[in-house]
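Take a look at the structure set out below.
In the working numbering, the protein residues as written are 156 to 472.
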């Protein structure tokens, strides 16, 4: 994403125009795993890489149930499969929502994420709840990249990829990845636009990353080959003007946290903290927005220390 690199192709032409007071881009965030199911079972519950051996994720509270108990109407809109072997945990948690909408039942290869916008627009007209939690589960830039964007976003080609050590095929795949990022920029900005005129807070992050020939001839993600490029993820918080006016102290906490190290298996603590929801399992030292946040907490992925080991691998460019 060009939001994170001045050398990259401009894959975020819309998001980068949003005022930095509203859109806070975090610079040091990683995922706890390199697969959707492994990651989201921790993102959406009190399970994390530290306690997963002691208590299964399904025996901890999840975000949907907590927000429902706190009086929120919850809606989950997904462009991923309703049933799959790759997303059992998020699918189970999704169905705890007051309202669940999947864009389709079969293969996810044929639908672009823009369908999410149409689904939300149809549902929004039926909403009259005071407090709402919406979860948008995108396909994002998951492989295969060429299937993730419509023809209008086929902007970059192999000739735009300057990495001379790549083969023609690898440059073509890298260009497809850039196009998928470009389309994702549109989809995410359109989601943000739909909440800009209300008192709203929007989080955006990936559940894992992909390695795209970053330091070796490898494409994708695999736990037995996990690298920094598979766990380093975009993470950003959008605060509407109404939210900034009403909650200046929260906005200040968000801005102060933008450069802190964070792993999203603690996302539940951060979100509950910023939403002002109290639970017995909340741990202030695990909320990146809290004054007691432990920024020195070791971030380990598959038993490997990210900061002292994984992060030391350099890109080829």
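Virtual Cβ for every residue (Gly too), placed ideally from N, Cα, C.
These numbers were taken from a predicted model, which means no experiment stands behind them.
Residue range of the beta strand (DSSP E) that residue 254 falls in?
Taken as a continuous stretch (DSSP letters only), the beta strand (DSSP E) holding residue 254 covers 254 to 257.
Within the same chain, show all residues whose beta-carbon is closer than 7 Å to that of residue 420, passing over the 5 residues directly before and after it, in chain order.
Same-chain partners within the cutoff: 187, 197, 198, 203, 204.
For residue 453, three-class secondary structure by DSSP
coil
If distances are taken between C-alpha atoms only, which option among 308, 252, 207 comes closest to residue 168?
308
Given a cut-off of 8 Å on the beta-carbon distance, is the pair residue 465 and residue 189 in contact?
no
Excluding the five sequence neighbours on either side, which residues of its own chain have a C-beta within less than 6 Å of the C-beta of residue 111, listed in chain order?
Because the chain spans 156 through 472 in this model, residue 111 falls outside it and cannot be assessed.
Between residue 176 and residue 399, is the Cβ-Cβ spacing less than 8 Å?
yes
Do residue 183 and residue 334 come within 8 Å of each other at the CB atom, strictly closer than that value?
no
Enumerate in chain order the residues of its own chain whose CB-to-CB distance from residue 248 is below 7 Å, with the five nearest sequence positions on each side excluded.
199, 217, 219
Length at least 3, wholly inside the region 339 to 388: the beta strand (DSSP E) runs in chain order:
356 to 360
In the structure shown, what three-state DSSP assignment does residue 199 receive?
Per DSSP, reduced to three states, the secondary structure at residue 199 is coil, with no helix or strand assignment.
Between the C-alpha atoms of residue 212 and residue 356, what's the straight-line distance to the nearest angstrom?
26 Å
Measuring CB to CB, does residue 268 end up less than 8 Å from residue 342?
yes
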